[in-house]
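Heads up, the thing below is written out as C-alpha cells.
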Amino acid sequence: MTLRHFPEDSRKYCYTLNVVSRTRYLVRATFLYGNFDNNNVYPKFDVSIGATPWSTIVISDANTIESIELIFLASSPTISVCLSNATTGQPFISTLELRQFNGSIYYTEFESRFYLSVSARINFGADSEASVRYPDDPFDRIWESDLVKKANYLVDVAAGTRKVSTDMPIDINRNDRPPQKVMQTAVVGTNGSLTYRLNLDGFPGFGWAFTYFAEIEDLSSSESRKFRLVLPDHPEISKAIVNIQENAQGKYRVYEPGFPNISLPFVLSFRFGKTSDSSRGPLLNAMEINKYLEKNDGSPDGDIVAGIILPYSSADWAQEGGDPCLPVSWSWIRCNSDAQPRVITITLSGKNLTGNIPTDLTKLTGLVELWLDDNDLTGPIPDFSRCTELKIIHLENNQLTGDLPSFLTNLPNLRELYVQNNKLSGKVPAGLDKNIILKYSGNIDLHEASGRGKHISIIIGSLVGAAVLLIVTVISCLHLKRLKGKNHDQEQFRDSMTVQRPVSTLSGTAPAEAAHCFTFTEIEDATKKLERKIGSGGFGVVYYGKLKDGKEIAVKVLTSNSYQGKREFSNEVTLLSRIHHRNLVQFLGYCQEDGRSMLVYEYMHYGTLKEHLYGPRTHGRNISWIKRLEIAEDAAKGIEYLHTGCVPAIIHRDLKTSNILLDKYMRAKVSDFGLSKSAVDGASHVSSIVRGTVGYLDPEYYISQQLTDKSDVYSFGVILLELMSGQEAISNESFGVNCRNIVQWAKTHIESGDIQGIIDPSLRDEYDIQSMWKIAEKALMCVQPHGHMRPSMSEVLKEIQDAILIEREATAVKEGNSDELSRNSMNSSVNLGSLGGTDNYLALDDSIAGPTAR
C-alpha cells in the first residue's frame, strides 16, 4: 500500500543491495500504481540490474500488481536495481526483495554470463487460486495456482484432466526444491493425456525448464504410470520415458527432469502422453521455466569512476548508483554508444571539489571533454598524455599551482584549454597557443606566449572570408530558385522523382529508376476513355485498362486536387519507384497532365481480400483456412520487405483487408502506399500526424503520434483476426453489446480459452486447431497496446509459416502421406530459420541441451 516514485527525467534511480559473493539469490520487484499521482496516466519505464536491462514495466491497470523476478549468482559485494527511461508517467516501485538460496538447484554452467529471468512457476492441481509462498516456501518463491485465469496463461487443457492431492508428507530431499504443499497436489490425465499451452514472458529464447513429479496416488502392484513429454518443435525430446516411482526411487519423493538449456517459443504447447504399456495417465505437480538473460558487464571505466567519486560519496551527485554508462549515463557523465561504452565527458563544474585533481581521471583514455571549473581544486595539473582524444579541458576558477604542463602540446585533438583564474606559474609551452582556444588570464605568475596575436588575425581573416562566401552562396540560391519556378509542372515533378530516389538493399533487386510517365492520351487509349470502373476509395476511382502490348492495368485517378491529395500522390509515386517485391502490387507509372493525377498498376484479377471475406465475392465460395494462411504469408512477406529490405525502412501506415489484393492465382500483394512514410535512419520512430483507418489504427500511435514499424504490426494483427473470424474490424452488430471492435471481442474469447467462439463458421471444422491457436496467439501479440510488446513482422511471418506446415501435415495424415510430408516439413523448417524469430536466441553450448534429472 506504499510506494516510492521518482521524477520523470533522464536520470536513473538505483537501490544498492549488499550480497555475498559466489552466492545465489532471488531478487523480486513489484509495482502497484494505484493512481498515486491522481493523473490516471499509466507509467511505463525500464528496470535494470546493474548494467543489464531487466524488464520494461508497462502499467495497464491501476489496481493490478506487476511483478518481476530474477535469479543470479553474486559476483561482487553489491547488486544495483535501477529505474530509468520513463516514457509515460513517473517511475515508481512498491517492493524490492532479496532472497538467499542455500542449495544449488539453480546452478548452470552459464551463470557467470547469464541471469535467470523467471517466466513461469506453476503449482498444478492447486486447491484454490491462492499462491503458495513463505512460510511454505522458505525462499518465498511464488508458486502460482493453475486455477488463476491469468490473461492467456493456461488454456487448452485436455479433456479428462482432474486434480489429485494427498496429506502424506513428501520427501523433498533438498529444501531448494518446490515446497511440500506444492508437491502434495497434482493434475492427472485420466484419458491418457495432459495438454497445456503457456505464454512465456520474455521468450522466444533459450531457457532453463524443469518439471517436478511426485507419485501421490496409491497404485497397485499391477499398475504403472509411464509417460512422455511431447513438444511439437522438439521431436527428439519425446523419446525419454518418465516413470515417477522408478526415477524418484519410491512414492512421495520428488523427481525433477528438465533442461538447463532449451530453446522455447513465446507460446509453449506441451503434452504429456502415457505410453502404451502404462495403466495410468500422466501426472504433473509443478513446473518452473526461466529465461537466460545475458549479463552486460557495463563500462570498462566503471571501476575508475568509482575511484573518482569515493572521496565524495556523501555528495548528491556521487550517489546515482549502478553503472556510470548503462542503461543510461549518470547526469554528469556522457558515454559513447559502444556495446561496452567508454566515458567521453566528465562535467563536474561547481561541485565543491577539493584537493588535487583525481589522478584516476587520467586513466579514462576515451575522454573527450573534461569540465572541472568553478571548484576549489589545488595542486598541479596531472599528466593526461594517455587521453589522446581530449578536445576540451576546462580547469578555470580553481586554486591550481605549478606549471602549465608541456604534455598538453602533444594532445593531437585539443581544441579548447581554459585555465584562467588559478595560481599557475612559468611560461605557456611553445606551440600550445596554436590552433586552439587558450585562456589563461588571472594567473599572475604565468607568462604569456608569443605569436598569439598573429593567430587571432588569421581566425578573423578566415571569418571575414567565410562571411563573403556565404553571401555569394545565398544570392546564387535565390537566383536559381527564381529560374526553377518557371519550369513546367510535369518536368518539375519528374525531376523530383529522379532526385528523391533511395536505393533498395534487397539482394537481387535493381536500383530503382524514376517512374515511367504516361501521357493522358495513352491512359485514354488503354482504358477506352475510362470506360470500366473496377473500384473506388478515399483517393479516387480505379479503372480497368489494357496496354498495347496486352498487359492488363489498373488506373487509379486522383479526384481531389487538395494539397493533401497531391502530397499523397507524390508520396506514393516516390515510394513505389524504389520498391520491387513479388508481394507488393507492381507499380507501372504515373500520369500528371493538365491538372490530372493518375497512378498505373498491374491489374489484380481477384480484387481485394475484404471482398472475399465478407463482401460480394463470397457467394457461398469461402476461402479455406489453408488458403487464408497462404494469403497472410504473402502479405507478411511484402510488409517484412518494407520494414527490413528497404533503406530507409518504409512504414505502410494503412494496412487493411481492402489494401491486400489477389491476382489470378489467388496470390496476395500489398497495395496503396499513399499514407506510407520512410523511417529516418537510426531513429526508432517517426513523428507524424495520425492517419490510417479506424479499426486498424495502432492505439499507441494514435496517442503519441510516434509512428514505428510496430504500428503496421498492430494493423496486421487485426487482419489475422479477420482471417480467423470472417468478421470486419469494426461492426455495430457482430460483437455483442458495448463492443464494436474485433480486437476487444477476440481478446476476450482467446484469453478465456474459447477460441471456437471466434472461428468463422464457414470454415466448417476444416482446419487443425493447433494452427488456429498459433495464429490466434500471434494475433494477440500483434495487437498489444504498446509497440515494444509486439513481435516483428519477421516473427509473425515465421509463425504463419509454422501454421501452414501444421495444416499441410494434418492434410497429409488424412490422405496417408504423413511420412513424405514430415520429410518436407523438416526441410522447410530448416529453411524457415533464416526468416526471423530467432534473433533473441543465445548461442549456448548444444552439448548440454539434453534432459537432466537431479
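Numbered according to full-length UniProt numbering, the sequence shown terminates at residue 854, and the numbering increases by one at each position without gaps. All C-beta atoms in this analysis are idealised placements derived from N, C-alpha and C, irrespective of residue type, glycine included. All values reported here derive from a predicted model rather than from experimental measurement.
Excluding five sequence neighbours on each side, which residues of the same chain lie with their C-beta closer than 7 Å to the C-beta of GLY465?
As a working mapping, residue 465 is identified with position 465 in the sequence shown. Its pLDDT being 46, under 50, GLY465 is placed unreliably by the model, and nothing is read from it.
Drop a sphere of 10 angstroms on the beta-carbon of MET183, count the other beta-carbons inside from all chains shown, and report buried for 16 or more, exposed for fewer.
By one-based count along the sequence shown, residue 183 stands at place 183. With 16 or more Cβ atoms within 10 Å of its Cβ, MET183 is classed as buried.
Within 8 Å, do at least three Cβ pairs link the stretch 57-70 to the stretch 14-34?
Yes, since at least three Cβ pairs between the stretch 14-34 and the stretch 57-70 fall closer than 8 Å, the two stretches touch.
Compare the Cα-Cα distances from ILE344 to each of LYS351, ASN336 and GLY350 and report the closest residue.
As a working mapping, residue 344 is identified with position 344 in the sequence shown. Restricting attention to LYS351, ASN336 and GLY350, the CA atom closest to the CA of ILE344 is found in ASN336.
Going by beta carbon distance, what residues of the same chain come within less than 8 Å of ASP754, once the five residues before and after it are set aside?
What you label residue 754 is simply residue 754 of the sequence shown in a count that begins at 1. Within the same chain, ASP754 has no close Cβ partners at all.
Measure the Cβ-Cβ separation of TYR389 and VAL368 and say whether it is below 9 Å.
Counted from its first residue, the sequence shown places residue 389 at position 389. Counted from its first residue, the sequence shown places residue 368 at position 368. Here the sequence assigns Glu to residue 389, which means Tyr is not the residue at that position. For the 9 Å CB-CB criterion, GLU389 and VAL368 form a contact.
In terms of alpha-carbon separation, which member of ASP171, SER278, SER60 and ARG133 lies closest to GLY192?
What you label residue 192 is simply residue 192 of the sequence shown in a count that begins at 1. The residue with the shortest Cα to Cα distance from GLY192 is SER278.
Measure the CB-CB distance between VAL555 and ILE523 and report whether it falls below 9 Å.
Mapped onto the sequence shown, residue 555 falls at position 555. Mapped onto the sequence shown, residue 523 falls at position 523. Against a cut-off of 9 Å, the Cβ pair of ILE523 and VAL555 comes out as a contact.
Taking the straight line between their C-alpha atoms, what separation do you get for PRO785 and VAL713?
The residue you call residue 785 lines up with position 785 of the sequence shown. The residue you call residue 713 lines up with position 713 of the sequence shown. Straight-line Cα distance between these residues: approximately 11 Å.
Beta strand (DSSP E) runs wholly inside the stretch 5-39, at least 3 long, in chain order:
Residue ranges of uninterrupted beta strand (DSSP E) with 3 or more members, entirely inside the stretch 5-39 and ordered along the chain, are 13-18 and 24-31.
Span separating the alpha-carbon of GLN100 from that of ILE758:
For the purposes of this step, residue 100 is taken as the residue at position 100 of the sequence shown. For the purposes of this step, residue 758 is taken as the residue at position 758 of the sequence shown. The straight-line gap separating the alpha-carbon atoms of GLN100 and ILE758 is approximately 47 Å.
Using only CA atoms, which one of GLY50, ILE57 and PRO53 lies nearest to residue 855?
It is not possible to answer for residue 855, since the shown part of the chain is limited to 1 through 854.
To which residues of the same chain is ASN173 closer than 8 Å at the C-beta, ignoring the five residues directly before and after it?
Translated into the one-based positions of the sequence shown, residue 173 becomes position 173. Cβ neighbours of ASN173 beyond the five flanking positions: ARG253 and VAL254.
Who are the Cβ neighbours of SER504 in its own chain at under 8 Å, not counting the five residues just before and after it?
Walking along the sequence shown from the start, residue 504 turns up at place 504. Residue confidence is low: SER504 scores 35 on pLDDT, short of 50, so the model does not pin down where it sits. Its coordinate-derived value is still stated next. Cβ neighbours of SER504 beyond the five flanking positions: PRO511, ALA512, ARG578, ILE579, HIS580, GLY645, CYS646 and VAL647.
Pair every Cβ in the stretch 296-306 with every Cβ in the stretch 214-227, then say whether three or more of these pairs are closer than 8 Å.
Counting Cβ pairs under 8 Å, fewer than three are found: no touch.
Would ILE289 and ALA209 qualify as a contact pair, given that the criterion is a beta-carbon distance under 9 Å?
As a first step, residue 289 must be located in the sequence shown, where it is residue number 289. As a first step, residue 209 must be located in the sequence shown, where it is residue number 209. Going by C-beta atoms, ILE289 is nearer than 9 Å to ALA209.
Minimum length 3: unbroken beta strand (DSSP E) runs contained in the stretch 339-403:
Complete beta strand (DSSP E) runs here, min 3: 343-347, 354-356, 369-371, 376-379, 392-394 and 399-403.
What do you reckon, are the CB atoms on GLN723 and LEU584 nearer than 9 Å?
Taking the sequence shown and counting its residues from 1, the one referred to as residue 723 is at position 723. Taking the sequence shown and counting its residues from 1, the one referred to as residue 584 is at position 584. Note on identity: in this sequence residue 723 is Leu, with Gln being the wrong assignment. Contact flag unset, no.
If I'm right that PHE206 touches ASN261 with Cβ under 8 Å, what's the distance once you round it to whole angstroms?
Sequence index remark: in the sequence shown, residue 206 carries index 206 (1-based). Sequence index remark: in the sequence shown, residue 261 carries index 261 (1-based). About 6 Å separates the two Cβ atoms, so the contact holds.
Using only the alpha-carbon positions, how far apart do PRO282 and ASN40 sit?
Locating residue 282 in the sequence shown gives position 282, counting from the first residue. Locating residue 40 in the sequence shown gives position 40, counting from the first residue. Taking the straight line from one Cα to the other gives about 48 Å.
In the DSSP output, what is HIS447 paired with across the bridge?
Working through the sequence shown from its first residue, we reach residue 447 at position 447. LYS427.
Let me confirm a value: TYR134 is counted as buried when at least 16 other C-beta atoms fall within 10 Å, else exposed. Which label applies?
Locating residue 134 in the sequence shown gives position 134, counting from the first residue. TYR134 should be labelled exposed.
Counting C-beta neighbours from all protein chains within 10 Å, is the total for SER84 16 or more, i.e. buried, or is it exposed?
As a position in the sequence shown, residue 84 is number 84, starting the count at 1. Classification for SER84: buried.
Taking the beta strand (DSSP E) that TRP54 falls in, what are its first and last residues?
Sequence index remark: in the sequence shown, residue 54 carries index 54 (1-based). From DSSP, the beta strand (DSSP E) with TRP54 extends over 52-58.
Closest by C-alpha distance to GLU236, when choosing among THR64, LEU400 and PHE259:
Against the sequence shown, residue 236 aligns to sequence position 236. PHE259 is the residue among THR64, LEU400 and PHE259 whose C-alpha sits nearest the C-alpha of GLU236.
Less than 7 Å between C-beta atoms, sequence neighbours within five positions excluded: which residues of the same chain meet that for ARG532?
Stepping through the sequence shown from its first residue, residue 532 is reached at position 532. Hits under 7 Å: TYR543 and TYR544.
Should the stretch 74-81 be called in touch with the stretch 236-252, which here means at least 3 C-beta pairs below 8 Å?
When Cβ pairs closer than 8 Å are counted between the two stretches, the stretch 74-81 is seen not to touch the stretch 236-252, the count staying below three.
Return the CA-CA distance between SER117 and SER76, expressed in angstroms with no decimal places.
Mapped onto the sequence shown, residue 117 falls at position 117. Mapped onto the sequence shown, residue 76 falls at position 76. For the pair SER117 and SER76, the Cα-to-Cα distance works out to about 19 Å.
DSSP three-state assignment for GLU294, whether helix, strand or coil:
Taking the first residue of the sequence shown as 1, we reach residue 294 at position 294. If DSSP states are grouped into helix, strand and coil, GLU294 belongs with the strands.
Hey, could you find the ends of the alpha helix (DSSP H) THR521 is sitting in?
Numbered from its first residue, the sequence shown carries residue 521 at position 521. Bounds of the alpha helix (DSSP H) holding THR521 are 520-527.
Could you tell me the alpha carbon to alpha carbon distance between LEU198 and SER269, rounded to whole angstroms?
Along the sequence shown, read from residue 1 onward, the residue named residue 198 stands at position 198. Along the sequence shown, read from residue 1 onward, the residue named residue 269 stands at position 269. C-alpha separation (whole angstroms): 6 Å.
Of the listed residues GLY595, PHE124 and VAL783, nearest to GLU700 (C-alpha basis):
For the purposes of this step, residue 700 is identified with residue 700 of the sequence shown, where counting begins at 1. Of GLY595, PHE124 and VAL783, the residue nearest in Cα terms is VAL783.
For the alpha helix (DSSP H) that contains ASP709, what are its first and last residues?
Translated into positions along the sequence shown, residue 709 becomes position 709. Residue range 709-725 is occupied by the alpha helix (DSSP H) that includes ASP709.
Can you tell which of GLN90, PHE114, ARG162 and LEU96 has its C-alpha closest to the C-alpha of PHE124?
Here residue 124 is taken as the residue at index 124 of the sequence shown, counted from 1. Nearest C-alpha to PHE124: ARG162.
Buried versus exposed call for MET793 [16 or more other C-beta atoms within 10 Å across all chains shown]:
Start at 1 with the first residue of the sequence shown, and residue 793 comes out as number 793. MET793 comes out buried.
Using 9 Å as the threshold, is the C-beta distance between VAL717 and LEU780 below it?
As a first step, residue 717 must be located in the sequence shown, where it is residue number 717. As a first step, residue 780 must be located in the sequence shown, where it is residue number 780. Reading off the sequence shown, one finds Gly at residue 717, where the question assumed Val. The Cβ atoms of GLY717 and LEU780 sit closer than 9 Å to each other.
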